[in-house]
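Residue numbers (this note's numbering), protein chains in the order written: chain A, 1 to 423; chain B, 1001 to 1423. See below for the structure under consideration.
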């Protein structure tokens, strides 16, 4: 793979709340790895092929660290119930259809295309409990150029009998079969995925914890999303003072762990997250849609917890990460109101950092377009919109977050490769 | 104008929280007036031209009861400040550009087209203080087929000196000139528009109150949006116990009054609204974006206050009313959380009612597709989306609210006339 040189107004998020802006600059990568952002093209690249995007914005692409692929078909429906009822009425029956590989192929191809066309190139994703559909999902993501982690869901208790269920033995056996079958994927890797504590027997949790250690696998699950859920966890694990301990006691709590929601995580739970290096995935739309609550993101950040963003479709109704960033900023304002105006809301640059750099960090990347990072980027052409005055790059970024601009993404790179082009 | 007969799956909101659904039914209008919705076409219309939209949804079009047309160019920017600072930093300089009629023409044509293409056919809209630009706005709306009220803004104090200002005398004179000049519009009518109490001297308020009475004109303004604003109003009118009284004492408070926001209206103020028949316009996105608060919509409805919805661009970042309905439902869930789970959130059918029937009521219409109403409708084709199971009409409506579907609106009718067709 030769040099990739992109010219345009380059905006990246090198730190929470900061934007690094290079007007009409050059983003250079070689062999898929970023060499740097330059106001003037270094001499050694003179003559190398260059894509000039004129006044367009060149931005980091997004990392979506929590979403449920098999809930994609129900996007935008079923928002009138709280979490546990919603799972039974909507989510489980929808996921059950992925027993059919043909259906899975059709839906997952559609999903992969929509993700990449909208600038999401890194994911940490739940599949369903179905091994074959999970492998199909991984194939379709890999083909579309999306990178990251996908997990076959484990759920051997409190499931949906006759609709969506697996025994403990099946769950363990299928997990091993899945792990064996997905060794050849280049950019999409497995992540162990106990659905959430109420869905997994102690035996299964222990099995997954051993597997995580033996095979050095990451783990994703849900944490402290909803108060009824938390009460249920306390009943199921009376030995654990807090929800997070039900993961920790089985070896599912470390720096390669992603925990979605954490709406109700108190200071003690947040400290446990920070100390273990667990990444909390904030899912603003989902938390509001199914009335879970509003996560204390500002406080988490102040305390040093790693926070990234998730679309959490289909509890979340918006797959596109521009919208997710806007929802995050908006939710932080609701949280400010809830906190009696005592916490600051998240600014757009802060929300942007969480949706890009903070998510990429889980994949070992440095913030922004740092040299050494794999090239993950998108080009946004926003020149056709009316504007009150010549906008700064920061204002254009803000507008791209708030304003829906179908067709504005001109091109997307993932792992150094151009994976989408509008032309 | 002859009969208009539309065939499809007809969904309307005849009462708060109710949907009336007629699968593959007929919506019939004559001379622009709805005759009824029929499961079988009445014999007298046999042979009349009919538009068959197959499985598409036929819905009421939207009423947007609060938006600032001259803030359209700044849509999606400047969300990091509270109301009063935001006005000075963003809104006033943007509005000032409408001193230029050519600029106004270009922007307002764009706005009118975007409104109608997205199914908004009724508005109650702020212009700027500029008379000529206001007339241009009314022309462009009328041409596009949008109906409702537009107001030249009055603001003779605490404005933006050198940027956006008018003297008391200018404000009165220009208001009269504007009213004289807009008598020939057929569907777009004037509404008196004191910006908000801090922007209008007592003399100007008194003038507008007299004008409202003499010419039987409706009134629109802002009420109890933000706590700093309310404190300022108390300083300016120490004789008034509450904000609403500053309008009431000048004759600007009656059943033809629209008040945007009402975030902080307490029981006494809400009672005054209900008793006078004032319409409260809830602007969910705006209130959250500029951190004003979350209006107690459920409580207002329970108390019998008329509530409709506004996009409130550009404090609100979403012009499309599908999004505004989704934002309304979502905000009601934040409000539920703020209320310690003691108020119910708004369901999608409730949000839908507020965005359609409740807004149309301000223009004298009955809820839903009631016989006698003018035909205001849109056709939505959502058949290309993946779905988990065959969706009911109610589920399709819910999905249309949450899911962005560019290009899904096939046609729009306003005042009996087809004003948009995708083909």
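We treat Cβ as the ideally placed atom computed from N, Cα and C, and that holds for glycine. All values reported here derive from a predicted model rather than from experimental measurement.
Identification of residues in the region 398-411 of chain A having a C-beta nearer than 7 Å to some C-beta of chain B yields 398, 399, 402, 403, 404, 406, given in sequence order. Proximity of chain A to residue 1388(B) at the Cβ level (cut-off 7 Å) is accounted for by 73, 74, 94, 97, in chain order. Among the residues of chain A, those whose CB is under 8 Å from the CB of residue 1107(B) are 386, following chain order. Between residue 378(A) and residue 12(A) a beta carbon distance of about 12 Å is seen, past the 8 Å cut, so the two are scored as non-contacting. Excluding its 5 nearest sequence neighbours in each direction, residue 1313(B) has C-beta neighbours in its own chain below 7 Å: 1067, 1068, 1071, 1072, 1075, 1319, listed in chain order.
Counting only runs that start and end inside the region 345-403 of chain A, the alpha helix (DSSP H) elements of at least 4 residues fall at 348-355, 357-361, 393-402.
Taking a cut-off of 8 Å for Cβ pairs, the region 389-402 of chain A and the region 296-316 of chain A do not touch, as fewer than three such pairs fall below it. DSSP places residue 74(A) in the helix class (H, G or I) of the three-state scheme. For the C-beta of residue 271(A), not a single chain B residue is nearer than 9 Å; the gap to the nearest is close to 24 Å. For the region 331-344 of chain A, residues whose beta-carbon sits nearer than 7 Å to a beta-carbon of chain B comprise 333, 334, 336, 337, 338.
In the structure shown, the three-state DSSP call for residue 1414(B) is strand.
An exposed status is given to residue 1421(B), since fewer than 16 other beta-carbon atoms sit within 10 Å of its beta-carbon.
Remark: C-beta atoms of residue 1116(B) and residue 1146(B) approach each other more closely than 8 Å. Within the region 241-289 of chain A, the complete alpha helix (DSSP H) segments at least 4 residues long are 243-248, 267-276, 284-289, listed from N- to C-terminus.
Residue 112(A) has its alpha-carbon roughly 50 Å from the corresponding atom of residue 1186(B). For residue 1180(B), the uninterrupted alpha helix (DSSP H) segment begins and ends at 1168-1181. With a threshold of 16 other beta carbon atoms within 10 Å, residue 1371(B) falls short and is exposed. For the region 130-143 of chain A, the beta-carbon criterion of a distance under 8 Å to any beta-carbon of chain B is satisfied by none of its residues. Rounded to the nearest whole angstrom, the CA to CA distance from residue 1348(B) to residue 251(A) is 42 Å. Assignment of residue 1300(B) by DSSP, reduced to helix, strand and coil, places it in the helix class. Contacts with chain A at 8 Å (Cβ-Cβ) do not include residue 1125(B).
Of the other Cβ atoms in all chains shown, 16 or more fall within 10 Å of the Cβ of residue 35(A); this residue is therefore buried.
Contacts with chain B (Cβ-Cβ distance below 8 Å) from the region 274-297 of chain A involve 285, 288, 289, 291, 293, 294, listed in chain order. One Cα belongs to residue 248(A), the other to residue 207(A), and the distance between them is close to 13 Å. Residue 143(A): member of the alpha helix (DSSP H) spanning 131-144, first to last residue. Here residue 368(A) is buried, its C-beta having at least 16 other C-beta atoms within 10 Å. Cβ-Cβ distances below 6 Å link residue 1334(B) to 1294 in the same chain, with the five nearest sequence neighbours on each side left out; the list follows chain order.
For residue 197(A), there is no enclosing beta strand (DSSP E), as DSSP marks it with neither H nor E. Under the Cβ criterion of 8 Å, residue 1110(B) is counted among the residues facing chain A. Residue 338(A) is a Cβ neighbour of residue 1337(B), given a cutoff of 8 Å. DSSP places residue 1320(B) outside any beta strand (DSSP E), giving it a letter other than H or E. Listed along the chain, the chain B residues whose CB falls inside 7 Å of the CB of residue 347(A) are 1080. Using a 10 angstroms sphere on the CB of residue 301(A), the tally of other CB atoms reaches 16 or more, which defines it as buried.
The way I'd put it, the region 1351-1358 of chain B doesn't touch the region 43-58 of chain A; fewer than three beta-carbon pairs between them come closer than 8 Å. Secondary structure at residue 1151(B): strand, using DSSP grouped into helix, strand and coil. Exclusion of the five residues before and after residue 254(A) leaves 276 as the residues of its chain whose Cβ lies within less than 6 Å of its Cβ.
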